[in-house]
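Taking it in order: structure first as structure tokens, then the write-up.
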Amino acid sequence: MAMGDPMRKVRTGDKLRIPATTFNAFIDTTRAFQASQRNISSTPQSATRSSGIILVRNDSGKGLSRYSVLGIEEPIITPKAKLDSFKNKVAVVGKTPGKDHVGKFVVLLEPLKSKAIGMAYGAGICPVKIDVPDEKTEYLYADIADGKTDNLKAKRYGAAAILWREGGTGSQWALVRLGLPMPTCIFPVKLKQVYGEQGDEKKPATWTYDVSDPATDDVLAEGVNPTSSPHQWKRPSVGYMIKATAGYAHYDKDDKLVLGWINEQVEQASCEDTGGTY
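Last residue of the sequence shown: 278 in my numbering, with the numbers rising by one and none dropped.
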């Protein structure tokens, strides 16, 4: 009796008879799929790397839901341990985000138990929750929230560009584009002297300032001492100083305003004209 096609599809009403060759093919396919899921050092995954989706191991110490955030710690397989596996498949250790993970994080594409390995967004557009501190500031970016796996935090500069968000303040859904951290942006500021003294020939000036946006007059920081950390202005050790009215600033990785240059000047008196000949 001639053998039929072992992979022939069954129509409605047909009796289900599964040839041994067909059943064994199903088993082989299933085993191959399971092996590929378990073995992170198997064949190269060019599609995974080009799409910005990578493998991550959940070392946060707890199970995490889809779209949780993990900070990138290190490769699971280092070049020294197995170079081919390191080159063929991007797989990283993910931990609860901390200050060392600013600009270095992934968003989970699937739920992950503790110590499990799964897929995550390493680059590209993805949904994620972000925490928005206030509505007054125009937040265009987001980055890790220290100690938080549930969400990112809206910031003035970060590694995730906010494309859309629900609105309001607090934790909310958003669409972001993961990529390289924004470079430091220096911008002009307006200064209003509020405390301190001018200084003299025996002691330095101690001026402090309220810092505001010159375009909107929104106050960005109050009572700032431009010579204290993290600010970078240097004054003479003694002398009369004319108070500043403007300057340039940037935000650091902790989203704190840093004054770099201000237009304080040493007050200089003109020489007395004695009428003599030199």
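Don't be surprised by glycine CBs; every beta carbon is placed ideally from N, CA and C.
Fair warning: this is a prediction, and the values are worked out from it, not measured in the lab.
Your pair LEU70 and LEU108 checks out as a contact, with CB atoms roughly 7 Å apart and the cut at 8 Å. In summary, ASP213 is exposed, with fewer than 16 beta-carbon neighbours lying within 10 Å of its beta-carbon over all protein chains present. With respect to the 8 Å criterion, ASP134 and THR169 are classified as neighbours on the basis of their beta carbons.
Rounded to whole angstroms, the separation of the alpha carbons of ASP218 and LYS136 is 9 Å. When the Cα atoms are used, GLU166 and GLU110 turn out to be separated by approximately 22 Å.
Boundaries of the alpha helix (DSSP H) around ASP84: 83-88. DSSP, read as helix, strand or coil, puts ARG31 in helix.
Three or more Cβ pairs closer than 8 Å define a contact, and the region 172-184 falls short of that threshold against the region 193-206. Burial state of ARG11 is exposed, judged by a 10 Å Cβ sphere holding fewer than 16 other Cβ atoms. In the three-state DSSP reduction, HIS250 falls in the strand class (E or B). For a cut-off of 8 Å, the C-beta gap from TRP261 to GLY239 is around 18 Å, too long to register as a contact.
DSSP lists LYS190, VAL219 as the beta-bridge partner residues of SER212.
Here ASP255 carries a coil assignment [DSSP, helix/strand/coil].
DSSP places ASP131 within a strand segment (E or B) once states are collapsed to three.
In the structure shown, ALA159 falls within a coil segment according to DSSP collapsed to helix, strand and coil. A residue is called buried when at least 16 other Cβ atoms come within 10 angstroms of its Cβ; CYS185 does not meet this threshold and is exposed. 8 Å or more divides the Cβ of VAL102 from the Cβ of LYS234. Looking at the DSSP output, LEU175 sits in a beta bridge with PRO127, TRP164. For TYR141, the enclosing beta strand (DSSP E) starts and ends at 141-144. Looking only at ALA159, VAL128, GLN198, the smallest Cα-Cα distance to ASP150 is reached by VAL128.
With distances taken between CA atoms, VAL106 lies nearest to GLY52 out of LYS115, ALA154, LYS82, GLY52. For GLU73, the uninterrupted beta strand (DSSP E) segment begins and ends at 69-75. For ASN24, the secondary structure class from DSSP, reduced to helix, strand or coil, is helix. The C-beta of GLU264 has 16 or more other C-beta atoms within 10 Å across all chains shown, which makes the residue buried.
Approximately 6 Å separates the beta-carbon atoms of SER114 and LYS62; this is inside 8 Å, confirming the contact. PHE86 is a Cβ neighbour of ILE77, given a cutoff of 8 Å.
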